[in-house]
Amino acid sequence: MTAALHSTGHLIIGGGLAGSMLGLRLASAGKEVTLLEKERGPHHKVCGEFLSREAVDYLRGAGLDPLALGAVSLSVVRLAAGRSVVDANLPFPALSLSRRILDEALLRRAEHAGCKVRRGAFVESLTANSRGWEVHLRDGERWNARTVFLANGKHDLRGHDRGNATQGDLVGFKMHWRLASQQTAALRDAMELFLFTGGYGGLSLIERDQANFCLVVKRARLRRLGGWDALFSSIVAEVPHLAQRLTGAEALWERPLAVSPIPYGYLASRSGLWCVGDQAAVIPSFTGDGMSIALHSASLAARMYLAGDSPENYHRVLRRHLGKNMWLATTLSQLMVSAAGRTLAPAALSLMPSSLRWIANATRIPAEELLHGAQATPADQESVLL
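Just so we're aligned, residue 43 is where the sequence shown starts under my numbering, counting upward by one.
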C-alpha cells in the first residue's frame, strides 16, 4: 500500500510559539501553509515560563492577552545563593504563564487565521528534492513543500542537528508545585533565582497559583549525583531559601520534565531552511528572553519571506540582532554555574542593584529591531482558559 502523499506551499515543523506565530503571520498574508505538530493536544515543555515585555507585546499584536489567559504579574527578582538572598525590582513589567496554556492559545490563533494544523504528526525525516522538500512522518505519510520552516524547538530532526554551542553541557528540568498558602503569598509578584553547585534555576507563580520550578545543571554534576532525586535533595540542602519555599509543598507531577542537550549560545546559519525559535537561537534561560526571541524570530522570518528575501539573509539579520546579547548572556551563564559565580552574584547585586537593569537591557533584543504588525482588535482577543 502506497503511503499518502500531500503537497503544500509552505510547511512548518513544530507548533510551539515560534511555529504558531509564523503560521499565523503567513496565513494572514494569504499564504497556503500547513503546520505539523507532533503532540495531539496541549502539553507542558521545559521552560521558565517568563514573559518579558517584548514577548507580551508580540502576543498582544497577535491577538492574545496573556492576562486574560491567567498570567501572573511579576515585578521583583530575588536571587538566592547559599544563605544569601537579595531582592531587586525588575527593570520592566513581566508576566508568567504556563507553556501548556500559552502555546495552545497561539496555535488556535494560527488555525483561526487559516493555517492548517496537523496534530500527532511526528516528523521522521526531511530531505531536499527537485520541488523543494519532502517530509516523511512516522505513520508513513509524506508531504511535499516548496518552503520549509523549522520550528521544532530544542529537539533536532535527524540529519538536521544544530551542531556545537557555546555552552552545551547542561540538562534542563521542570516541575510544577502547589506551595503552602504562606509560601504562595511570599512568592507572589517575584521571580526567584537560585544558584547551586553546577547550575541555577527559577521559581515563580503561574496561573491558578501553581508554582513553576525550572533549572539547568551541568551534565557531569547530574551524572555524579546519580539522577534527579539526588540532585533535587542536594539543591534543597544547599539553598535554604528554596527549602523554605517548598516546605509543605505538593509536587503536581510524579516526575519532572527533562531536556538535553540545551545548546546555549547557538545562532543558526543554515542554507535553504528557515529556522525559528530554538532552531534559530538559544539564549540562557536566566535572561527570561527565550520566548520573546521565539516570537521575534518567527515575525522576522515571516516578514522577510513575504518580502522575497532568502533564508540565508534572514539568518544573517537575526544574528546581527542577537549576537552581542547572546555572547554576554552565555558568558554570564557560564559564570553562574561556577563556584565563583555563586559567591560573587549576590554580593554584586547587593552593592550595585542597577547592575540588574544593565544586564537585563544588554541581553534583550534591541528595541529598534523589534517588529510590530497590525494589532488585533479587542473583539479578536483570545480569552479562553484551557
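Heads up, the beta-carbon is just placed ideally off N, CA and C, and yes, glycines get one too.
Residue j beta carbon less than 7 Å from that of residue i
i	j	result
residue 151	residue 110	no
residue 260	residue 379	yes
residue 122	residue 357	no
residue 106	residue 138	no
residue 245	residue 199	no
residue 388	residue 126	yes
residue 64	residue 349	no
residue 174	residue 69	no
residue 298	residue 215	yes
residue 148	residue 163	no
residue 160	residue 135	no
residue 190	residue 315	yes
Other residues of its chain near residue i: CB distance less than 6 Å, five sequence neighbours each side excluded
i	result
residue 119	130, 132, 233
residue 158	76
residue 67	344
residue 384	123, 237
Helix, strand or coil at residue i [DSSP, three-state]
i	result
residue 280	helix
residue 202	coil
residue 62	helix
residue 289	coil
residue 338	helix
residue 225	helix
residue 407	coil
residue 49	strand
Residues near residue i in its chain [Cβ-Cβ closer than 8 Å; skip 5 each side]
i	result
residue 140	86, 91, 218, 248, 249, 252, 254
residue 289	222, 225
residue 280	124, 238, 239
residue 359	342, 346
Cβ-based burial, residue i [other Cβ within 10 Å; buried from 16]
i	result
residue 172	exposed
residue 305	buried
residue 80	buried
residue 181	exposed
residue 400	exposed
Endpoints, the alpha helix (DSSP H) within which residue i is located
i	result
residue 143	141-155
residue 366	353-378
residue 103	95-103
residue 262	261-267
Extent of the continuous beta strand (DSSP E) to which residue i belongs
i	result
residue 128	126-138
residue 115	114-123
residue 176	174-179
residue 243	241-247
residue 158	158-161
Cβ neighbours of residue i in the same chain (closer than 7 Å, five flanking residues each side left out)
i	result
residue 375	209, 306, 326, 328
Interface flag, residue i vs chain B, CB-CB below 7 Å
i	result
residue 159	The chain inventory of the structure shown lacks chain B, comprising one protein chain alone.
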